[in-house]
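> The structure is given below, and queries will be raised subsequently.
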Amino acid sequence: MIVRKVREHVAHHNWFAVAIDVGIVVAGVFLGTQASNWNQSRLDRERAQQNRAMLVDDLEANQQNLTMRRHYYEWVRSEGLKALAELGRPSSALGQQFLIDAYQASQSLPWSLKRNTYDQLIAAGQFGSIGDSGLRDRISNYYVGADVTGVNLASMPAYRERLRRAMPYAAQVQIRTQCSETISENAKGEPVMGIPGPCTITIDPAATRQAVQQVHDMPGIALDLNRQLVDLDQKLVSIDVISRRAGILRRSLEGSH
Numbered sequence: 007m008i009v010r011k012v013r014e015h016v017a018h019h020n021w022f023a024v025a026i027d028v029g030i031v032v033a034g035v036f037l038g039t040q041a042s043n044w045n046q047s048r049l050d051r052e053r054a055q056q057n058r059a060m061l062v063d064d065l066e067a068n069q070q071n072l073t074m075r076r077h078y079y080e081w082v083r084s085e086g087l088k089a090l091a092e093l094g095r096p097s098s099a100l101g102q103q104f105l106i107d108a109y110q111a112s113q114s115l116p117w118s119l120k121r122n123t124y125d126q127l128i129a130a131g132q133f134g135s136i137g138d139s140g141l142r143d144r145i146s147n148y149y150v151g152a153d154v155t156g157v158n159l160a161s162m163p164a165y166r167e168r169l170r171r172a173m174p175y176a177a178q179v180q181i182r183t184q185c186s187e188t189i190s191e192n193a194k195g196e197p198v199m200g201i202p203g204p205c206t207i208t209i210d211p212a213a214t215r216q217a218v219q220q221v222h223d224m225p226g227i228a229l230d231l232n233r234q235l236v237d238l239d240q241k242l243v244s245i246d247v248i249s250r251r252a253g254i255l256r257r258s259l260e261g262s263h
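Okay, so the sequence shown: first residue is 7 according to my numbering, each after it adds one.
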C-alpha cells in the first residue's frame, strides 16, 4: 500500500508527499523496532528475575543441608570426644559403649550442594543477564567457596580406615544395624539425615572383650582420633562460613530487581 503511494507521488513529482511517505515508513520501522526491543527487555528482566528466584531456592536448600550437616558433625565430634576419653582408661574397664562411640566417631557424610540453577545458567550462556557485575561476582565467588568447602568436607583422616580395620566385623555389623543414622527425603526429594539416639548392640561378653582390646590397644589410635577431632572442628568452621555466605548471597539476590 505505502509502496504504491510512493510510486504515484514520484510519478507526479510530489516530493513533499514522498517525504511524508518515507517518514511514515521510517517511523513505523523505528517504532516496531523499539516495541520489539522493549518487549525483549521485558522478557529478559522477567527471565533474570525467575533465575534469581531459582538461585534463592537453591541457596535455601543449601542452608538447610548445611544445618543438617552441622548437627551431624557435632554428633560425630561428641562421639569422638567420648571415645578419646575412654581410650585413657584400661580396656578392662570398657564395654560395648566404647565400641559404639569409637565407631560413630569415624562416621562421614558425603558432600552434596544444590547448584542446578547456577550450572544451567553457565551452560546456557545466561549468567551474564542475572544482574550487575557485582552480583555476578558474589554468585561466582560463593560457588568457588562452596567447592573449597566440598574439598574440606571430603577429607578423610586415617582414623576411619584404621578403626574399621581393627574393629571385628561382627561388632561393626551390629553397630550399623542397631545404631545407624536414618536417611529420608523431604517434599522436594532432598535428603534428611536423622542422628541416632542411645542404642545397644548384641555381642557376647567374650567377643566384646576381644573387640574392645583390639581397638583400644591398636598403636597410635588415640593420635589418629585426636587428628580426626581436629578435622571435625575444621569441617564445622567451613560449614559455618559457607552457610553465612549463602545467607548473604540470598539477601543480595532477593534485593535485586
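Glycine included, C-beta positions come from ideal geometry on N, C-alpha and C.
Are the beta-carbon atoms of L127 and F133 separated by less than 8 Å?
yes
> Enumerate in chain order the residues of its own chain whose CB-to-CB distance from A213 is below 8 Å, with the five nearest sequence positions on each side excluded.
P174, A176, A177
> Indicate whether the contact test is met: 3 or more Cβ pairs, each with one atom in the segment 157-174 and one in the segment 109-124, closer than 8 Å.
The segment 157-174, when compared against the segment 109-124, does touch it at the 8 Å Cβ threshold.
> How about L65 and I248: do their beta carbons lie closer than 8 Å?
no
> L93 and L242 look like a contact to me (Cβ under 8 Å); what is the Cβ gap, rounded to whole Å?
Contact doesn't hold; Cβ gap of about 22 Å is too wide.
> Which of helix, strand or coil does DSSP assign to I207?
coil
> Comparing the C-beta of L238 with each C-beta of chain B, is any distance below 8 Å?
Among the chains of the structure shown, chain B does not appear; only one protein chain is present.
> Take R75 as the anchor and find which of D246, G253, Q219 has the nearest alpha-carbon.
Selection D246, G253, Q219 evaluated against R75 yields D246 as nearest (Cα-Cα).
> Label H222 either buried or exposed according to how many other C-beta atoms from any shown protein chain fall within 10 Å of its C-beta, with 16 as the threshold for buried.
Flag for H222 reads buried.
> If distances are taken between C-alpha atoms only, which option among D210, A91, A67 comes closest to A193?
A67
> Name the DSSP beta bridge partners of M173, please?
In DSSP, M173 forms no bridge with anything.
> Provide the residue span of the beta strand (DSSP E) that contains S190, from first to last.
188-191 is the extent of the beta strand (DSSP E) around S190.
> Measuring only the C-alpha atoms, how far is S98 from N158?
37 Å
> Suppose you measure from the CA of Y124 to the CA of E260; what does that come to, to the nearest Å?
16 Å
> DSSP has V198 in a bridge; who is on the other side?
S190
> Just confirm the distance between the C-beta atoms of Q220 and C205, as a whole number of angstroms; I'd bet it's less than 8 Å.
Not really, about 21 Å apart at Cβ, beyond 8 Å.
> Going along the chain, which residues of its own chain have a beta-carbon closer than 7 Å to the beta-carbon of R144, five neighbours each way excluded?
If the five residues before and after R144 are omitted, its C-beta is found closer than 7 Å to the C-beta atoms of L255, S258, all from its own chain and listed in chain order.
> Take G131 as the anchor and find which of S84, H77, A54 has the nearest alpha-carbon.
A54
> Would you mind working out which of L61, H77, Q103, Q70 sits nearest A217, comparing C-alpha positions?
Q103
> How would you label R58, buried or exposed, when you count the other beta carbons within 10 angstroms and need 16 or more for buried?
Counting every other CB atom within 10 Å of its CB across the protein chains shown gives R58 a total of 16 or more, marking it as buried.
> Does DSSP put D138 in a helix, a strand or coil?
coil
> When you compare the CB positions of Q70 and G253, do they come within less than 8 Å of one another, or not?
Pairing Q70 with G253 gives a Cβ-Cβ distance that is not under 8 Å.
> Rounded to the nearest angstrom, how far is the Cβ of E187 from that of G195, given a contact under 8 Å?
At roughly 18 Å, the Cβ-Cβ gap does not stay under 8 Å, so E187 and G195 are not in contact.
> So does N192 have its beta carbon nearer than 7 Å to some heavy atom of the ligand SAH?
Of the ligands one can find in the structure shown there are none, so the ligand SAH has no counterpart to examine.
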